[in-house]
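According to my numbering, the sequence shown holds residues 11 to 332 in order.
A quick write-up on the structure given underneath.
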Amino acid sequence: MLIIEKVGDDPFFNIAAEEYVTHNLEDDVFMLWENANCVVIGKHQNAIAEVNLPFIEQQSVPVIRRISGGGTVFQGDGNVNFSFVRTSNHAENQIDFARHLEPVRAFFKILGITLELHGKSSLTLHGKKVSGNAAHVHRNRSLHHGTLLFDADLDLVRNCLKVIPGRYQSKAVLSNPMPVTNIRPWLPTDQNIRKVMEQFRDYIVKTFDVHEVREFSTQEIEAIQRLADEKYHRREWNFGYSPEYRYHAFLEFNDRKFGFKIQVSNDQMVEVLPDEVMPETSLVADALSGQRPESAILTKVLSSLYPSHEPSQIAKMVYALI
């Protein structure tokens with residue numbers, strides 16, 4: 011096994027690195043790292059349905075789509091990320107969460123913490139989730155990766171992922187939220203995240219047949235950065251890849267609330283139908299039709315329709331319509 015050490019916390023680069031390693035290297039690889047704050051959604055999810063958009067935009071927390079399935083997770087300060095990338099010519103052995111989570115559980119057992127496998131791919135501590143995991147297969151290569159809530163800001167995590175259940179109708183994969191906790195408060199002897207990451211890395215070295223520990227080469231960094239720029243930084247991937255979806259939005263005009271049935275396909279509002287046809291609702295529907303459901307774009311559209319409105323009023327309307 012090869013251990014590749016990531017030295018930065020750029021989430022776009024680090025998530026692109028997982029794809030690059032899975033699709034381009036031949037060695038079995040283990041990686042352990044931290045990301046700057048971000049929300050990472052599964053490949054087959056509807057991005058807008060999985061995040062608290064007003065909050066994450068206010069906090070400048072990006073949304074990034076990964077290549078594996080599963081649900082949405084928060085990554086950032088106080089959160090550890092790990093990846094196992096392996097080669098197997100036996101399809102039936104390519105996805106095995108229990109196998110890849112066993113080293114994680116065994117390591118924390120040494121520290122005095124018992125992590126339980128919940129469902130097929132989560133780890134819990136005293137009944138609360140501390141680790142979400144997902145997998146991706148590319149030919150004879152498999153990627154199993156996960157998160158560990160160590161001493162994250164749980165209020166930030168909850169606020170980023172606070173959504174309105176059932177607002178959006180689509181065939182997208184939905185997350186299964188459950189109560190979360192941090193690992194650090196449960197350690198018999200308090201340790202910081204750096205210390206635990208170092209010990210975890212050392213445990214992997216001793217447990218597996220590790221033949222090399224290195225950082226990415228200059229050539230690899232250039233290729234990964236190119237992938238990050240061309241794919242993971244782009245809205246077309248992070249939001250536009252979402253399956254077609256429908257929802258019912260409401261705006262207030264003259265102390266009355268009016269509804270709009272909206273259909274989005276390929277990140278475009280392809281249908282906007284007012285519940286009640288009248289001059290003002292028709293004006294809004296016509297202005298929204300064909301637009302991207304993005305706050306910056308809708309702010310411009312609504313500001314042109316209502317030039318006398320305060321920015322706070324426009325912002326309220328925008329987020330009501332997305």
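Cβ atoms here follow ideal geometry from the backbone N, Cα and C, with glycine treated the same way.
Residue i (DSSP reduced to helix, strand or coil)
i, result
"Leu42", "strand"
"Pro204", "Note that residue 204 is Arg in the sequence shown, not Pro. Helix, per DSSP."
"Glu102", "helix"
"Ile51", "strand"
"Glu232", "helix"
"Phe218", "coil"
"Phe210", "helix"
"Thr134", "strand"
"Leu127", "strand"
"Gln323", "helix"
"Gln68", "helix"
"Ile332", "coil"
"Val274", "strand"
"Val287", "coil"
"Ser78", "coil"
"Asp296", "helix"
Span of the beta strand (DSSP E) around residue i
i, result
"Ser141", "Lys138 to His148"
"Glu112", "Where Glu112 is concerned, there is no enclosing beta strand (DSSP E), although the alpha helix (DSSP H) it sits in stretches over Phe107 to Ile120."
"Met279", "Gln278 to Pro284"
"Phe226", "Segment: none, Phe226 is in no beta strand (DSSP E) and carries neither H nor E."
"Ile13", "Leu12 to Glu15"
"Val95", "Asn89 to Thr97"
"Arg75", "Val73 to Arg75"
Unbroken alpha helix (DSSP H) run spanning residue i, endpoints
i, result
"Thr32", "Pro21 to Asn34"
"Gln85", "Note, Gln85: premise wrong, no alpha helix (DSSP H); beta strand (DSSP E) at Val83 to Gln85."
"Val307", "According to the sequence provided, residue 307 is Ile. The question's Val does not apply to it. Note, Ile307: alpha helix (DSSP H), Ser305 to Leu315."
"Ile58", "Ala57 to Glu60"
Environment of residue i [buried if 16+ CB atoms lie within 10 Å]
i, result
"Glu286", "exposed"
"His110", "buried"
"Asp296", "exposed"
"Leu293", "exposed"
"Asp165", "exposed"
"Met288", "exposed"
"Ala306", "exposed"
"Ser38", "At residue 38 the sequence reads Asp, which differs from the Ser that was named. Asp38 should be labelled buried."
"Thr32", "buried"
"Phe263", "exposed"
"Thr82", "buried"
"Lys216", "exposed"
"Thr199", "exposed"
"Ala116", "exposed"
"Val183", "buried"
"Lys172", "exposed"
"Val17", "exposed"
"Ser70", "exposed"
"Leu283", "exposed"
"Glu60", "buried"
"Gln229", "exposed"
"Tyr316", "exposed"
"Arg211", "buried"
Min CB distance residue i to chain B below 8 Å
i, result
"Phe268", "Looking at the structure shown, chain B is missing, and only one protein chain is on hand."
Close Cβ partners of residue i (< 8 Å) along its chain, the five nearest in sequence each way excluded
i, result
"Phe107", "Leu127, Lys130, Ser131, Asn143, Ala145 and His154"
"Gln55", "Arg75, Gly81, Thr82, Ala182, Val183, Leu184, Ser185 and Ser252"
"Ser78", "Gly52, Lys53, Ala144, Ala145, His146, Leu153 and His155"
Own chain partners of residue i with C-beta closer than 7 Å, once the 5 adjacent residues on each side are dropped
i, result
"Asp219", "Met11"
"Gln85", "Pro21, Asn45, Cys48, Val50, Asn91 and Thr157"
"Met188", "Lys139"
"Glu28", "Ser93, Leu153 and His155"
"Met207", "Leu42 and Val90"
"Glu67", "Ser305"
"Asn150", "Thr97, Ser98 and Asn99"
Close beta carbons around residue i, own chain, < 6 Å, minus the five adjacent residues each side
i, result
"Ala273", "For the sequence presented, residue 273 should be read as Gln rather than Ala. Once the five neighbours on either side are set aside, the close Cβ partners of Gln273 are Arg256, Val280 and Glu281."
Uninterrupted alpha helix (DSSP H) stretches inside the region 140-199 (no shorter than 4 residues): Unbroken alpha helix (DSSP H) stretches of 4 residues or longer found wholly inside the region 140-199: 164-170, given in chain order.
Taking only runs that begin and end inside the region 240-271, name each unbroken beta strand (DSSP E) of 3 or more residues, in chain order. When DSSP assignments are scanned along the region 240-271, the uninterrupted stretches of beta strand (DSSP E) that are 3 or more residues long and fall wholly within it turn out to be 255-263.
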